Amino acid sequence: MAAARCFSDTSDFLSIRSGDHILLDGRRFLVTGEERERRFGIEDPKFWVKRVVEEETGDRKIAKLSFFESFNTRLGELVIRCYRSPEKEERILDLCRNHPGFMQGVTFPDAKGNRVRVLEIVRGKNFMLYLDSLRMPHVQYFETELPGILRHLCEAFAAIGLLHAHGFRHGDIRNDHIIVERRSGRYVWIDFDYDFEAPENPFGLDLFGIGNILIYAVGKVFHNSYMIKNDTYTYHDLIERLEPDDFSILHPNRLVNLRKLYPYVPVMLNNILMHFSAGTSITYASVDEIIEDLGGYLASL
Numbered sequence: 524m525a526a527a528r529c530f531s532d533t534s535d536f537l538s539i540r541s542g543d544h545i546l547l548d549g550r551r552f553l554v555t556g557e558e559r560e561r562r563f564g565i566e567d568p569k570f571w572v573k574r575v576v577e578e579e580t581g582d583r584k585i586a587k588l589s590f591f592e593s594f595n596t597r598l599g600e601l602v603i604r605c606y607r608s609p610e611k612e613e614r615i616l617d618l619c620r621n622h623p624g625f626m627q628g629v630t631f632p633d634a635k636g637n638r639v640r641v642l643e644i645v646r647g648k649n650f651m652l653y654l655d656s657l658r659m660p661h662v663q664y665f666e667t668e669l670p671g672i673l674r675h676l677c678e679a680f681a682a683i684g685l686l687h688a689h690g691f692r693h694g695d696i697r698n699d700h701i702i703v704e705r706r707s708g709r710y711v712w713i714d715f716d717y718d719f720e721a722p723e724n725p726f727g728l729d730l731f732g733i734g735n736i737l738i739y740a741v742g743k744v745f746h747n748s749y750m751i752k753n754d755t756y757t758y759h760d761l762i763e764r765l766e767p768d769d770f771s772i773l774h775p776n777r778l779v780n781l782r783k784l785y786p787y788v789p790v791m792l793n794n795i796l797m798h799f800s801a802g803t804s805i806t807y808a809s810v811d812e813i814i815e816d817l818g819g820y821l822a823s824l
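Per the numbering used here, residue 524 is the first one in the sequence shown, and the count goes up by one each step.
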């Protein structure tokens with residue numbers, strides 16, 4: 524059997540495999556595997572995110588190695604450059620130390636100065652899987668589960684407001700980047716190493732990410748034009764009653780005007796969603812505005 528390898532330089536993270544060791548600041552971590560991104564029924568390995576065991580304590584953790592990539596996305600007519608920043612995630616971990624709304628961890632430089640974030644595992648389901656586990660008709664979900672979910676989301680959005688107040692962005696707000704903690708039920712943000720360049724609207728992508736989470740929460744899933752057009756058993760004649768303005772400004776095939784699908788969605792709640800539609804003339808300028816409107820809706824129940 525080959526001797527276990529020990530890496531003090533993690534630059535070539537693809538070569539670090541299960542059974543190897545990572546040495547950071549005198550601590551040894553045994554690599555037991557790699558994290559996978561599970562979205563839309565597909566599992567993509569994240570080769571730079573290792574499952575590890577700290578040898579001295581036996582604690583299971585996540586070691587997030589430095590990985591750099593960039594790409595462009597669109598917000599309406601604006602082209603926005605997005606990129607990974609291990610240093611930015613490190614600073615947020617420091618800012619949010621002991622904050623229950625964020626994953627926790629410590630950053631260690633490796634021998635080459637790469638910023639390796641050693642993270643506590645947040646036990647629970649991500650928000651997407653959590654909603655999927657609530658097996659009930661939508662009207663029952665809307666009446667019995669959604670009010671509590673929206674209250675938890677208000678707390679989670681307030682945590683994003685804390686980042687914004689300190690000049691940080693989460694950078695990749697998605698429904699699988701909130702973990703519903705198993706024991707407490709608290710909503711916890713993970714994975715904030717993405718950042719973006721948007722001087723015209725520095726928090727815009729975060730705000731639209733929050734909008735996507737709200738659309739998902741109210742609809743219990745994303746309803747897209749393909750589903751609406753082809754599943755007439757579920758959607759009946761809905762496709763004939765929709766206009767382009769009923770869909771998302773970011774995702775033109777994603778339905779935002781959920782009141783047309785579920786008439787029992789109150790106008791007050793639907794209007795919050797419509798801030799993220801292609802037909803809106805008014806967008807949210809801050810996360811506080813979203814929280815205020817959501818709070819007003821919840822107070823009306």
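Don't be surprised by glycine CBs; every beta carbon is placed ideally from N, CA and C.
Fair warning: this is a prediction, and the values are worked out from it, not measured in the lab.
Residue i and residue j look like a contact to me (Cβ under 8 Å); what is the Cβ gap, rounded to whole Å?
i: Asp641; j: Val629; result: As written in the sequence, residue 641 is Val, which differs from the Asp given in the question. Indeed, because the Cβ distance is near 5 Å, the residues count as touching under 8 Å.
i: Ile702; j: Asn649; result: 6 Å
Thinking C-alpha only, which one of the options is nearest residue i?
i: Phe590; options: Glu704, Met750 and Tyr717; result: Tyr717
i: Glu557; options: Arg550, Pro568, Gly549 and Leu547; result: Pro568
i: Pro609; options: Glu720, Arg638 and Leu601; result: Arg638
i: Ile545; options: Val576, Arg559 and Phe570; result: Val576
i: Tyr653; options: Cys529, Asp699 and Val779; result: Asp699
i: Met659; options: Ile751, Val744, Ser538 and Lys752; result: Val744
i: Arg614; options: His689, Asp754 and Met750; result: His689
i: Gly727; options: Arg597, Ile795 and Glu815; result: Arg597
i: Leu547; options: Asp633, Glu600, Asp760 and Pro775; result: Asp633
i: Arg706; options: Pro623, Glu720, Leu673 and Arg697; result: Pro623
i: Gly818; options: His675, His798 and Leu686; result: His675
i: Asp695; options: Arg709, Asp769 and Glu612; result: Glu612
i: Leu773; options: Glu600, Lys573, Asp543 and Glu666; result: Glu600
i: Pro722; options: Tyr710, Gly684 and Arg692; result: Arg692
i: Val788; options: Tyr749, Asn776, Gly742 and His759; result: Gly742
i: Phe665; options: His687, Ile738 and Thr755; result: Ile738
i: Val711; options: Phe570, Leu669 and Cys677; result: Cys677
i: His687; options: Thr667, Asp811 and Leu784; result: Asp811
i: Asp768; options: His759, Cys605 and Asn794; result: Asn794
i: Leu784; options: Leu765, Gly542 and Leu673; result: Leu765
i: Glu704; options: Arg583, Glu579 and Glu643; result: Glu643
i: Arg559; options: Phe552, Leu553 and Trp571; result: Trp571
i: Glu592; options: Tyr820, Ile762 and Phe719; result: Phe719
With a threshold of 16 other CB atoms inside 10 Å of the CB of residue i, please say whether the residue is buried or exposed.
i: Phe594; result: exposed
i: Thr533; result: buried
i: Lys587; result: buried
i: Ile805; result: exposed
i: Val830; result: Any answer about residue 830 is impossible in this case: the structure gives the chain only from 524 up to 824.
i: Lys635; result: exposed
i: Cys529; result: exposed
i: Asn753; result: exposed
i: Ala822; result: exposed
i: Val602; result: exposed
i: Ser771; result: buried
i: Ala740; result: buried
i: His746; result: buried
i: Ala681; result: exposed
i: Ser800; result: buried
i: Tyr749; result: exposed
i: Leu792; result: buried
i: Leu537; result: exposed
i: Val662; result: exposed
Cα separation between residue i and residue j?
i: Gly647; j: Ile585; result: 15 Å
i: Asp729; j: Ile736; result: 11 Å
i: Ala679; j: Thr757; result: 32 Å
i: Arg540; j: Ser809; result: 43 Å
i: Leu824; j: Asn621; result: 33 Å
i: Asp714; j: Phe625; result: 9 Å
i: Leu657; j: Glu815; result: 27 Å
i: Val790; j: Arg782; result: 8 Å
i: Pro725; j: Arg550; result: 38 Å
i: Ile813; j: Gly684; result: 10 Å
i: His798; j: Phe731; result: 9 Å
i: Thr803; j: Arg709; result: 32 Å
i: Met651; j: Lys573; result: 23 Å
Along the chain, which unbroken stretches of the beta strand (DSSP E) at least 3 residues long are found entirely within the region 545 to 630? 550 to 562, 565 to 577, 583 to 587, 593 to 598 and 601 to 607
List, from N- to C-terminal side, the alpha helix (DSSP H) runs of 4 residues or more that fit wholly inside the region 705 to 748. 727 to 742
Let me know the alpha helix (DSSP H) ranges lying completely inside the region 662 to 697, each 4 residues or longer, listed in chain order. 669 to 688
Can you give, in chain order, each stretch of the alpha helix (DSSP H) that sits fully within the region 748 to 786 and has at least 4 residues? 748 to 753 and 755 to 758
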